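Residue numbers (UniProt numbering): 1 to 237.
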């Protein structure tokens, strides 16, 4: 059997130690830096991906907020006349105030007059009015007006009718109001007569903002309740 001398054995052990030292130095100065660099790049990549996702999510959130704000704005001033929505607001005021709209005449304005209210005091047996001064509308804004003839049980229902219109999501302004005071009651048997009055109400739209037509809000149309005419009190069936 072949045997190593002490000198050869020592040389073999020294060679193994030297080889191990060389491999360790190779790992320490070559492979380990490369491994650390790879881990660092992977960590940076994950950080960049997380940052990118955060930015994209923020951008999507901003786009959603912008779309929502545009939709909410168009509920106030749409880019189309939205006659149906205007009619629904009038019908809502009619129902809430227990009134009856007996006649209406529409007119599509060209942005000539404004719409704030100015109330004048009522005097019995005389025509009272709320008349708004004329003013120019902002550029690109048009006005849709309707002349209404309405019958309400009392002055309080008249106020409720007007308040319901003015508190609608869409901007609606009462431009004029005229009515004749009710006769004075002389006995307990006298019946209170309904109050008939005429008023002009207007709403507004911005047809020049054509790029926003795709973001028009939906019209919330109530169920017709199996009726052929969705506006039974506005148009005689």
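We treat Cβ as the ideally placed atom computed from N, Cα and C, and that holds for glycine.
Just so you know, these numbers come straight off a predicted model, no measurement behind them.
If you ignore the 5 residues before and after residue 153, its C-beta comes within less than 7 Å of the C-beta of 98, 194, all in its own chain and listed in chain order. Note on residue 85: 16 or more other CB atoms within 10 angstroms of its CB, so buried under the neighbour-count rule. According to the DSSP assignment, residue 94 belongs to the alpha helix (DSSP H) that extends over 83–96. Contact between residue 104 and residue 165 is absent: CB atoms are separated by about 13 Å, not below the 8 Å threshold. Residue 37 and residue 20 have their alpha carbons spaced roughly 24 Å apart. When DSSP reads this structure, residue 69 sits in no beta bridge, so it has no partner. With respect to residue 171, residue 77 sits close: the two C-beta atoms are nearer than 8 Å. Residue 28 carries a helical assignment under DSSP once its states are collapsed to helix, strand and coil. Per the coordinates, the alpha-carbon of residue 43 lies some 28 Å from the alpha-carbon of residue 23. Judged by DSSP secondary structure, residue 175 falls outside any alpha helix (DSSP H) and instead within the beta strand (DSSP E) spanning 172–180. The three-state secondary structure of residue 6, taken from DSSP, is helix. The beta-bridge partner set that DSSP reports for residue 197 consists of 150, 179.
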